[in-house]
Amino acid sequence: MICENKITHPKVDSMKCFRIQLVFMFTFCMLMAAAQKKREKLQFGRITAQDFKPAQYSIDSAADAVVLYNAGSSGYEGNSNGFFSVNYEQHSRIRLMHKNGFDAATVTIPLYISNDYQTKLVSLEAATFNLENGQVVETKLDKSALFTEVAKDITTYKFTYPNIKEGSIVEFHIKVILPGYSFMPDWDFQKKYPVLYSEYEVNVPYFFNYAIIKQGLQNYIIDTGTEVHQRYYIHEKGKSAAESGTTVAVSTQAVQHIWAMKDVPAFHPQKYMTSPDNYISAIQFQLSEIRMPEQDVEKLAQSWSKISEKLLKDPDFGLELNYNNNWLKDDIKTATANAINDLEKAQGIFAFVRDHYSCNDYRSRFLSAPLKKITQSKKGNVADINILLTAMLKQAGLEAYPVILSTRDHEKVLQNYPVMRKFNYVIARLFLNDENYYLDASRKNIGFNQLPVDCYNGFARVINDKEPLLIRFDADSVKEYQMDIVHVQPDAANRALNVVFNKSFGNFESQDVRNEITAASLDAYSKKLQKQFNVPVQIKDMHADNLKDLDEPLKLQYTAAFSFNPDDDLIYFNPILQDRMVDNPFKAESRIYPVEMPNCMNSTYLLDMDVPEGYVVDELPKSARVQLNEKEGSFEYLIVNKNNHIQMRCRLVLNKANFEPDDYGTLRDFYAFIVQKESEQIVLKKKVATRP
Amino acid sequence: MKFLFLLSFCMCWINNNAQSLDVHLIPDSITANAVVRYDNTIVTIENENKVVVRHNYAITVLNQKGDDYAVYTNIYDQLNTLSDISGALFDASGKRLRSMKKKDVDDAPVNDNMSLVRDDRKKSYDFYYRSYPYTVVFNDEEVHSQTFQLPNWQPVPGSDISIQQSSFNVTFPSDLSINYKVLQKEMLHFDSAIVNNTKTYTWQLNLKKSFQREPFQPNVFQTDPFVFITLPKFKLQNYTGSMQSWQSFGEFITQLNAGRNVLPDNIKQQVHLLTDNLQTQQQKIATLYQYLQKNTRYINIALGIGGWQPFDCKYVADNKYGDCKALSNFMVALLKEAGIKANYVLISATDRHLPMWKDFPCGYFNHATVCVPNGKDSIWLECTSATASPGYASHFTDDRDALMITDSGGIIVHTPIYSIHDNQQNKIVHAIIDESGNMQAQVHTRYTGQASDDIHELLNVGIPEKVQQYYNQSFNLPTYTVQHIQLAEQKSIIPVVNESFDITVNGFAAVTGKRLFIKPNIFNKWELKLLPDETRKYSIVLKENFLHTDTVFIIIPNGYEIESLPKPQSIHTIFGDYAIRFMYSNHQIEVVRYQTGIKQELPASEYAKLVEFFNSMYQNDHAQVVLKKA
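Protein sequence lines correspond, in order, to chains C and F.
Take the position in the first sequence, starting the count at 1, then add 41; the result is the number in the working numbering.
Take the position in the second sequence, starting the count at 1, then add 5; the result is the number in the working numbering.
Set out below in structure tokens:
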């Protein structure tokens with residue numbers, strides 16, 4: 042007997058809200074005059090008693106702090122080195138509402154400072170404003186209270202506002218010079234606290250064109266680009282100290298962009314969300330063209346084939362892949378000693394790199410050192426290790442390429458337009474016998490042609506000398522197969538139910554459990570499992586299959602004895618003995634962001650059980666089957682009793698990992714049903730003794 | 006020629022050590038994840054202004070779990086410099102593979118996530134070698150230009166590492182003397198010698214086996230060997246002091262703080278405005294403490310001597326912030342202005358920090374607080390908290406010796422001890438369950454003393470939205486919603502928080518056919534299970550006195566009857582008491598639960614009883630009631 046349920050909510054036509062949009066600098070979209078009207082301009086220090094009036098702000102009455110105004114600008118200017126620099130300014134005004142928001146009163150300004158790139162903090166003004174007896178009182182930040190913290194390549198300026206209390210307004214204005222011409226600071230409209238007004242202005246001469254990436258759910262109140270005429274003074278130093286330099290005035294077209302948002306709600310990261318960077322309302326830039334007078338336009342980032350070509354010539358990426366790396370031959374020989382065909386060769390090389398190298402940085406798309414150095418030190422970042430793997434595969438006569446991608450905790454990659462900063466990871470692709478294999482040798486407990494779960498984050502690019510291929514690693518496309526087979530045998534003499542567990546893990550879980558077992562021991566893992574049962578149980582004879590054979594899924598077998606009292610008239614027994622879903626993973630009632638689970642799922646639990654001698658089944662849970670939105674998932678709970686032998690199958694299938702906010706309610710209900718069903722129990726009853 | 010000589014000397018030195026690095030020379034009796042092959046710390050106290058520490062050690066890593074021990078790290082700051090770092094990597098046979106490259110040593114600011122700015126920095130280096138076993142050797146030299154805090158010796162870096170040989174060697178001119186404190190003395194070997202007007206003390210630890218961490222074990226200061234040393238007459242920049250007694254140590258602190266307690270005039274006026282009309286001393290203290298809480302915040306700025314010396318009262322008044330020292334110093338000044346005698350107190354906060362020893366004055370405190378002394382009725386004021394109750398010491402500072410700084414030097418005082426009756430959690434639940442297993446309940450709880458520490462944080466940190474979010478994510482229940490949350494705190498010497506909320510749980514009870522399965526002890530289940538351990542080594546440390554009472558009423562749906570009701574249980578142990586009773590009458594289940602825990606240390610031999618006690622509570626708390634349709 043099966044009751045069929047369907048959990049589907051009426052679908053609301055999902056709002057067509059863009060999440061990521063790409064435009065170019067030299068597109069003009071709106072008349073400046075109209076924009077100027079909406080624009081808010083505040084002056085530093087112009088704070089009146091009126092500004093302290095609101096006891097709360099309608100955007101978020103419970104906010105601990107409110108950003109009243111946050112305006113930034115980046116503009117090109119001629120420098121004294123014969124070219125351009127970018128001048129960045131920011132003016133921020135925050136109202137502190139409650140003590141809990143006082144963290145907003147500590148400001149950190151991290152600047153990239155290395156030997157060849159010296160960002161400079163030119164000026165900083167900061168002050169606290171309080172209303173005392175109806176008068177606005179200003180407390181300026183003392184110069185001695187501005188601290189610097191120097192780390193490698195990053196110098197952080199830090200200060201905390203003096204004399205703050207609940208209700209204070211704190212304000213800073215900074216000016217920073219970025220010495221290069223190729224980097225434009227990004228702008229986040231959305232913050233940890235709600236923002237009443239946020240604006241970013243960008244001025245770029247005709248010589249430079251930028252790709253602009255806009256993302257987030259919030260709407261712009263100003264989004265304009267206007268053509269203006271601008272004059273830049275570029276100074277070239279004299280060749281010697283005695284010789285005076287020359288200054289050139291360059292007059293050219295330029296574009297002035299202004300973007301602004303009003304009443305932007307606070308952003309809080311959530312469970313089942315990849316990187317918050319994908320959802321915060323923000324704007325980012327990438328230089329796409331340099332168009333110097335009387336020179337060819339230099340296209341920096343337009344076609345993937347150009348980029349690929351460049352990457353393969355880049356000594357920090359693929360240059361060495363073009364060489365005959367004969368020096369690798371000894372290692373290749375060792376790694377492929379027992380190989381009888383190309384696939385085994387590749388497997389040998391993969392295992393060799395995985396087992397002999399350690400990864401010290403899982404976020405890099407560039408080499409940290411030449412490959413030879415990597416082989417000497419036996420360590421490197423993920424690019425080092427997987428480019429070395431590629432080089433070894435190629436040297437062994439196989440067809441292999443590096444692949445670049447972005448991990449789940451990092452931003453998502455755009456489908457077509459190459460925005461390189463969005464990539465942070467390198468793996469290898471092997472093409473053999475008409476098949477593609479994807480390899481990551483940077484992780485210890487991973488098999489051939491397996492990727493860690495973090496790699497399933499959308500688009501990736503194969504870097505080759507032809508047309509660089511666009512490929513996809515989607516959570517929606519990867520399914521985790523798990524199987525638990527549980528056999529229960531009563532042993533009345535010993536007052537026990539002896540249970541044999543046979544667990545087979547999916548690829549990702551195999552990686553995790555292997556990591557756990559190698560970090561501790563099988564025995565420690567067995568003790569950990571033992572504690573998870575809510576009745577006293579002793580796990581015995583734990584045995585692992587494929588613990589070292591990383592290409593195969595991990596399997597565990599063990600036994601456990603549950604005590605039962607053969608004198609009891611009734612025995613209550615939940616047939617799901619392990620890893621029962623006891624609470625709903627989707628606790629919040631509603632959600633505005635999509636749900637992004639790491640993978641699809643197919644997990645099966647099988648149980649067979651002999652009813653103890655002298656008992657009969659009094660009650661069994663009802664079999665049930667539900668579908669999630671037609672074909673997106675299903676849960677089935679099938680249980681039968683035949684001649685005092687109970688068999689059950691419980692299976693959860695998710696054919697999708699990503700769900701839109703509209704589907705949240707359905708998903709939550711689906712899981713609620715599972716939790717409820719899995720809590721049901723079997724009731725066994727003592728047979729009434731029949732008198733002879 | 007001189008250069009050549011130096012070079013060959015260096016080679017010798019490395020070779021010398023390399024000879025002994027073959028892993029086969031590790032005695033089988035001490036194999037672990039890693040082994041300290043040798044570790045020599047040589048401290049040379051040249052005078053009150055200069056101490057040189059040379060550290061030279063070799064660690065063999067036997068498997069992946071020991072990798073962390075192969076990472077070099079050391080901390081330095083303005084008063085304690087770090088130089089001459091070198092290191093090398095060796096394979097299993099003791100063959101040298103490569104050396105540390107100076108330019109690859111990472112140099113980063115120390116980030117404790119609490120301080121605005123600190124001047125200490127960390128140097129670190131990792132060979133990232135992964136062919137086991139392997140050995141790393143490191144050397145460095147520290148020069149300390151202060152003798153307030155001398156280096157100490159902690160030869161056991163972790164539980165899963167064994168020690169082949171480790172030594173701590175302290176040399177000083179024989180006209181100086183040093184004081185020392187040795188913990189777990191019986192594990193160490195001690196020697197002393199005098200040669201040419203220099204005296205040398207040497208402590209050694211040989212062949213110490215790694216050990217397994219145990220639940221509820223005492224902290225490292227009770228289990229591991231340590232040596233602490235002090236110089237009776239020490240220097241810290243321009244200050245000199247005496248560590249002969251706690252009294253004289255206190256005098257030094259008075260000297261450091263001298264002249265830093267002058268309140269600006271406007272603050273003085275404020276103090277009088279606030280307190281002159283108040284009758285009792287208690288009211289005045291509470292009012293000024295609230296004033297401090299409202300008008301200042303905790304910001305840590307640890308630069309140079311600022312690690313020990315508070316910013317003065319004017320600084321706090323101008324900036325409205327300070328660290329524990331500055332805020333405590335400021336609080337003492339506020340009280341003084343109101344005519345109340347209070348004292349600045351140095352204390353070892355948290356139970357992980359080294360404790361204060363009555364017989365060994367030293368400068369290892371990590372916190373400052375304020376005491377208004379009055380014998381048993383002394384009032385303690387935690388100045389870094391914007392929300393704490395006046396007079397209340399949380400887990401952070403309760404029940405320990407501390408150093409009160411008075412006009413006549415330092416005096417040892419003890420912070421408040423809270424009894425099981427001070428730390429209570431009393432919960433009453435009224436619930437109703439329907440036929441589908443859904444439950445609605447009203448929950449009222451009263452938390453007192455240290456039982457209120459967590460809920461106090463929530464009450465004071467949470468905006469309503471966040472509180473709502475917290476409640477809706479924190480229970481181990483099926484799909485549920487919490488509403489009508491009310492939290493109210495009564496600030497007093499023993500703070501009290503009253504909490505109430507309504508909760509709806511879908512599928513709280515499992516339904517199978519004609520039966521309903523209910524776990525009626527809904528909100529206070531003992532979740533800690535222990536595994537028996539026949540070889541328990543360490544004594545058992547229970548850290549808290551507490552008393553919980555729970556009463557749960559559950560109205561069951563019409564037409565159902567009780568089929569199975571768990572048995573009552575009542576256990577009386579040295580660890581505490583536990584009792585639970587399940588009753589049924591008039592369509593209502595009633596559960597009454599009582600539990601106490603007693604702060605104490607007990608011998609390892611009691612462990613089996615503790616396991617039984619915890620596991621019994623676990624099982625009884627998770628017991629189920631079965632209802633059956635009539």
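The C-beta atom is built at its ideal place from N, Cα and C for all residues, glycine as well.
Span separating the alpha-carbon of S479 (chain F) from that of S621 (chain F)
Along the second sequence, read from residue 1 onward, the residue named residue 479 (chain F) stands at position 474. Along the second sequence, read from residue 1 onward, the residue named residue 621 (chain F) stands at position 616. Each residue's Cα considered, the two are about 25 angstroms apart.
Chain F contact for A112 (chain C) (CB, 8 angstroms cutoff)
Residue 112 (chain C) sits at position 71 when you count from the first residue of the first sequence. Nearest CB-CB separation between A112 (chain C) and chain F: not below the 8 angstroms threshold.
Among F:H449, F:I352, F:W251, F:Y130, the one whose alpha carbon lies nearest that of Y74 (chain F):
Counted from its first residue, the second sequence places residue 74 (chain F) at position 69. Ranking F:H449, F:I352, F:W251, F:Y130 by Cα distance to Y74 (chain F) puts F:Y130 first.
Have a look at the DSSP bridge pairing and note the partners of Y153 (chain C).
Reading the first sequence from its first residue, position 112 is the one you call residue 153 (chain C). Paired residue(s): C:I195.
Expressed to the nearest angstrom, what Euclidean distance is found between the alpha-carbon atoms of C44 (chain C) and V554 (chain C)?
The sequence position of residue 44 (chain C) within the first sequence is 3, counting from 1. The sequence position of residue 554 (chain C) within the first sequence is 513, counting from 1. Residue placement at C44 (chain C) is flagged as unreliable, the pLDDT there being 39, under the threshold of 50; the coordinate-derived value follows with that caveat. Going by the C-alpha atoms only, they are around 36 angstroms apart.
Give me the Cα-Cα distance between N606 (chain C) and D620 (chain C), rounded to the nearest whole angstrom.
Taking the first sequence and counting its residues from 1, the one referred to as residue 606 (chain C) is at position 565. Taking the first sequence and counting its residues from 1, the one referred to as residue 620 (chain C) is at position 579. Near 24 angstroms, if we compare the C-alpha coordinates of D620 (chain C) and N606 (chain C).
Rounded to whole angstroms, what's the CA-CA distance from S13 (chain F) to R101 (chain F)? Just pull it up for me.
One-based indexing of the second sequence puts residue 13 (chain F) at position 8. One-based indexing of the second sequence puts residue 101 (chain F) at position 96. With a pLDDT of 36 at S13 (chain F), under the threshold of 50, the modelled position of that residue is not reliable, and no figure is offered here.
H50 (chain C) versus K233 (chain C): straight-line alpha-carbon distance, rounded:
If you number the first sequence from 1, residue 50 (chain C) lands on position 9. If you number the first sequence from 1, residue 233 (chain C) lands on position 192. Because H50 (chain C) carries a pLDDT of 42, less than 50, the predicted location of this residue cannot be relied on, and the following value inherits that uncertainty. Approximately 33 angstroms between the Cα atoms of the pair.
Terminal residues of the alpha helix (DSSP H) in which H358 (chain F) lies:
By one-based count along the second sequence, residue 358 (chain F) stands at place 353. According to the DSSP assignment, H358 (chain F) belongs to no alpha helix (DSSP H), since it is labelled neither H nor E.
Quick one: residues in its chain with C-beta nearer than 7 angstroms to the C-beta of T169 (chain C), no 5 flanking neighbours on either side, listed in chain order?
Residue mapping note: residue 169 (chain C) aligns to position 128 of the first sequence, counting from 1. Closer than 7 angstroms at the Cβ level, and outside the excluded window around T169 (chain C), lie T180, Y202, P203, N204, I205, S209, V211.
Burial state of L212 (chain F) (16 or more Cβ within 10 Å):
By 1-based counting over the second sequence, the position of residue 212 (chain F) is 207. Burial call: exposed.
On the three-state DSSP scale, how would you describe I558 (chain C)?
The sequence position of residue 558 (chain C) within the first sequence is 517, counting from 1. I558 (chain C): helix per DSSP, three-state reduction.
CA nearest to the CA of A145 (chain C), picked from C:F711, C:A307, C:Q297, C:G175
Locating residue 145 (chain C) in the first sequence gives position 104, where the first residue counts as 1. Nearest C-alpha to A145 (chain C): C:A307.
Touch check for the segment 395–411 of chain F and the segment 155–167 of chain C: three-plus C-beta pairs under 8 angstroms?
No: fewer than three Cβ pairs fall under 8 angstroms.
Quick check on P653 (chain C): does DSSP put it in helix, strand or coil?
Along the first sequence, one-based indexing puts residue 653 (chain C) at 612. In this structure, P653 (chain C) counts as coil in the three-state DSSP scheme.
Check whether chain C comes within 8 angstroms of R541 (chain F), counting only Cβ atoms and requiring the distance to be less than that.
The sequence position of residue 541 (chain F) within the second sequence is 536, counting from 1. Closer than 8 angstroms: no.
By the 8 angstroms beta-carbon criterion, what residues does the segment 518–531 of chain F contribute toward chain C?
Identification of residues in the segment 518–531 of chain F having a C-beta nearer than 8 angstroms to some C-beta of chain C yields G518, K519, R520, F522, given in sequence order.
Only counting runs of 3 or more residues, tell me where the beta strand (DSSP E) segments fall wholly within the segment 400–480 of chain C, in order along the chain.
Residue ranges of uninterrupted beta strand (DSSP E) with 3 or more members, entirely inside the segment 400–480 of chain C and ordered along the chain, are 420–422, 440–446, 466–473, 476–480.
Could you work out which residue in F:T578, F:A343, F:L359 is closest to P5 (chain F) when comparing CA atoms only?
Nothing in the structure corresponds to residue 5 (chain F), since chain F is present only between 6 and 635.
Output the boundary residues of the beta strand (DSSP E) element that contains V48 (chain F).
Position 43 of the second sequence, counted from the start, is the residue given in the question as residue 48 (chain F). 39–52 is the span of the beta strand (DSSP E), which, as asked, contains V48 (chain F).
For a cutoff of 8 angstroms on Cβ pairs, would you count F619 (chain F) as touching chain C?
Locating residue 619 (chain F) in the second sequence gives position 614, counting from the first residue. Chain C contact via Cβ: absent.
Going by alpha carbons, who is nearest to L552 (chain F) out of F:V630, F:Q488, F:A609, F:G454?
The sequence position of residue 552 (chain F) within the second sequence is 547, counting from 1. Minimum Cα distance to L552 (chain F) is reached at F:G454.
Measuring CA to CA, which of C:Y497, C:L480, C:G499, C:C496 is closest to N490 (chain C)?
Position 449 of the first sequence, counted from the first residue, corresponds to residue 490 (chain C). Check the Cα spacing between N490 (chain C) and each of C:Y497, C:L480, C:G499, C:C496: the tightest is with C:L480.
Of the residues C:F711, C:V305, C:A387, C:L362, which one's Cα is nearest the Cα of E476 (chain C)?
Taking the first sequence and counting its residues from 1, one reaches residue 476 (chain C) at position 435. If we check each option's Cα against that of E476 (chain C), C:A387 comes out closest.
Checking the sheet assignment: what are the DSSP bridge partners for A307 (chain F)?
Here residue 307 (chain F) corresponds to residue number 302 of the second sequence, with the count starting at 1. Residue pairing by DSSP places A307 (chain F) opposite F:R123 in a beta bridge.
Thinking C-beta only, is N640 (chain C) closer than 8 angstroms to A698 (chain C)?
As a working mapping, residue 698 (chain C) is identified with position 657 in the first sequence. As a working mapping, residue 640 (chain C) is identified with position 599 in the first sequence. Contact annotation: A698 (chain C) and N640 (chain C) have beta-carbon atoms nearer than 8 angstroms.
Can a CB atom of chain C be found closer than 8 angstroms to the CB of T486 (chain F)?
As a working mapping, residue 486 (chain F) is identified with position 481 in the second sequence. Closer than 8 angstroms: yes.
Would you check if the segment 687–704 of chain C and the segment 29–44 of chain F touch, i.e. whether three or more CB-CB distances between them fall below 8 angstroms?
By the Cβ criterion, the segment 29–44 of chain F is not in contact with the segment 687–704 of chain C, since fewer than three pairs of Cβ atoms, one from each stretch, lie closer than 8 angstroms.
Measure the alpha-carbon distance for I580 (chain C) versus Q573 (chain C) and round it to whole angstroms.
For this step, residue 580 (chain C) is matched to residue 539 along the first sequence. For this step, residue 573 (chain C) is matched to residue 532 along the first sequence. Rounded to the nearest angstrom, the two C-alpha atoms are 11 angstroms apart.
Please go through the same chain and pick out, in chain order, the residues whose beta-carbon is closer than 6 angstroms to the beta-carbon of F365 (chain F), but skip the five residues on each side of it.
Residue 365 (chain F) sits at position 360 when you count from the first residue of the second sequence. Correct list, in chain order: K186.
Are any of the Cβ atoms in chain F nearer than 8 angstroms to that of D304 (chain C)?
On the first sequence, position 263 is the one that residue 304 (chain C) refers to. Not an interface residue.
Would you report the Cα separation of E721 (chain C) and L563 (chain C), rounded to the nearest angstrom?
In the first sequence, residue 721 (chain C) corresponds to position 680, counting from 1. In the first sequence, residue 563 (chain C) corresponds to position 522, counting from 1. Taking the straight line from one Cα to the other gives about 32 angstroms.
Check whether D458 (chain F) and S399 (chain F) have beta carbons under 8 angstroms apart:
In the second sequence, residue 458 (chain F) corresponds to position 453, counting from 1. In the second sequence, residue 399 (chain F) corresponds to position 394, counting from 1. Taking 8 angstroms as the Cβ cut-off, D458 (chain F) and S399 (chain F) qualify as a contacting pair.
Could you work out which residues of chain C lie near R101 (chain F), taking near to mean beta carbons separated by less than 9 angstroms?
Taking the first residue of the second sequence as 1, we reach residue 101 (chain F) at position 96. Those within 9 angstroms of R101 (chain F) in chain C number zero; the least Cβ separation is about 14 angstroms.
What would DSSP say about P178 (chain F), mapped onto helix, strand or coil?
If you number the second sequence from 1, residue 178 (chain F) lands on position 173. Strand at P178 (chain F).
Does the beta carbon of K216 (chain C) come closer than 8 angstroms to any beta carbon on chain F?
Taking the first residue of the first sequence as 1, we reach residue 216 (chain C) at position 175. So, not an interface residue.
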